[in-house]
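*Asks:* For the sequence shown, UniProt numbering assigns the number 1 to the initial residue and increments by one for each residue that follows. Note that CB positions come from ideal geometry on N, CA and C, so glycine has one too. I have a structure I would like to understand better, so I am pasting it below and will then ask my questions one at a time.
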Amino acid sequence: MEKYLIKKSANANTTTQPQGAITSNNSSGSSNASRPAGKHNSAVPELVDLNKLPRDPAKRKRMADYHPNQRDEIRRKYLIWGPNQPRKLEFPYREIGKKKKKRRFNPDWYDDYAYWLEYSEKEHKAYCLCCYLFRDNIKDNHHGHDAFVVEGFNCWNKTERFVTHVGDRNSFHNRAL
Ligand SMILES: [Zn+2]
1 MEKYLIKKSA NANTTTQPQG AITSNNSSGS SNASRPAGKH NSAVPELVDL NKLPRDPAKR
61 KRMADYHPNQ RDEIRRKYLI WGPNQPRKLE FPYREIGKKK KKRRFNPDWY DDYAYWLEYS
121 EKEHKAYCLC CYLFRDNIKD NHHGHDAFVV EGFNCWNKTE RFVTHVGDRN SFHNRAL
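Take a look at the structure:
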C-alpha cells in the first residue's frame, strides 16, 4: 500500500485524451448492489477530475471503470484521504435476527480497523478501502463473495466478520495490501 504513496506514476503527466467519450455515465444514483459484476465495457473511460472523486464508498465506481492511465493517481488520492470514517452521524438502527434486536454501526470500530474500515452515509453500510483500491490487481477471483468489497456490510451483530475479512496471510484482503 505504501508504495503507492511514494512511487511517482509514470503516467502522471500524460495528456492523452481517450477517443470516443462515453455519453451516459451510470455512476450516480446506482447503488453498489446493482452494479453488473464482470461486465466489460470496451470503450475507454473518460479521465476524471481527481478532486471530484466521491468519498462515500457506495458512490464510487469500480477501479476497473476508470481510465487505465489514471488508476494509480486515483488510488493514491484515496490513500491520502484515508478510509471514509464519519463519526458524528446518527447511525441508524436495524432490527436484526429473529429477536429483532436493534443494532447499529459503532464508530469505535474505526479504531480497531483504522486503515481500511469505512462507512457509507448513503447506504449505511461498511466497506473496505484496501479491497476497493486493489481488488482488481488480483487476477483470481475465486475467493467469491465478500460484503465489504461490493455491496456493503451491515450485519452489525456479526462483528467477527471484521476479523474474518482481514483473515489469514493468504486472504484476499491481505494479498491486496
Ligand atoms: Zn479488505
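By DSSP, does Y127 sit in helix, in strand, or in coil?
*Replies:* As a first step, residue 127 is located in the sequence shown; it is residue number 127 there, counting from the start. Here Y127 sits in strand by DSSP.
*Asks:* For the 8 Å Cβ check, are there 3 or more pairs between the segment 103 to 119 and the segment 81 to 89?
*Replies:* Touching, per the Cβ criterion.
*Asks:* For A58, I'd like the list of residues in its chain whose CB is within less than 8 Å of its CB, leaving aside the five on either flank, ordered along the chain.
*Replies:* As a working mapping, residue 58 is identified with position 58 in the sequence shown. These residues qualify, in order along the chain: S31, N32, S120, K122, E123, K125, Y127 and G152.
*Asks:* Does the Cβ of D112 have 16 or more other Cβ atoms within 10 Å, making it buried, or fewer, making it exposed?
*Replies:* Position 112 of the sequence shown, counted from the start, is the residue given in the question as residue 112. Flag for D112 reads exposed.
*Asks:* Within 8 Å, do at least three Cβ pairs link the segment 41 to 51 to the segment 62 to 79?
*Replies:* Verdict: yes, contact present.
*Asks:* Restricting to Cα atoms, I'd like to know which of V149, N154, D65 and H165 is closest to G97.
*Replies:* Locating residue 97 in the sequence shown gives position 97, where the first residue counts as 1. The shortest C-alpha separation from G97 is found at N154.
*Asks:* Does the separation of the CB atoms of F162 and D146 fall below 8 Å?
*Replies:* On the sequence shown, position 162 is the one that residue 162 refers to. On the sequence shown, position 146 is the one that residue 146 refers to. No.
*Asks:* In three-state terms, what does DSSP make of F153?
*Replies:* Taking the sequence shown and counting its residues from 1, the one referred to as residue 153 is at position 153. Note: F153 maps to strand in three-state DSSP.
*Asks:* Tell me the DSSP secondary structure of E90 in three-state form.
*Replies:* For the purposes of this step, residue 90 is identified with residue 90 of the sequence shown, where counting begins at 1. Coil at E90, not helix or strand.
*Asks:* Hey, would you say N174 sits closer than 8 Å to K101, going by beta carbons?
*Replies:* On the sequence shown, residue 174 is found 174 positions in, with the first residue counted as 1. On the sequence shown, residue 101 is found 101 positions in, with the first residue counted as 1. Not closer than 8 Å, so no.
*Asks:* Can you tell which of P45, T159 and F134 has the C-alpha that lies nearest to the C-alpha of D108?
*Replies:* By 1-based counting over the sequence shown, the position of residue 108 is 108. It is T159 whose Cα lies nearest to the Cα of D108.
*Asks:* To the nearest angstrom, how far is the alpha carbon of N106 from that of Y132?
*Replies:* Looking up residue 106 in the sequence shown gives position 106. Looking up residue 132 in the sequence shown gives position 132. When rounded, the distance between both Cα atoms is 21 Å.
*Asks:* Straight-line CA distance for H165 to A43?
*Replies:* Here residue 165 is taken as the residue at index 165 of the sequence shown, counted from 1. Here residue 43 is taken as the residue at index 43 of the sequence shown, counted from 1. If you take the alpha carbons of H165 and A43, they lie about 33 Å apart.
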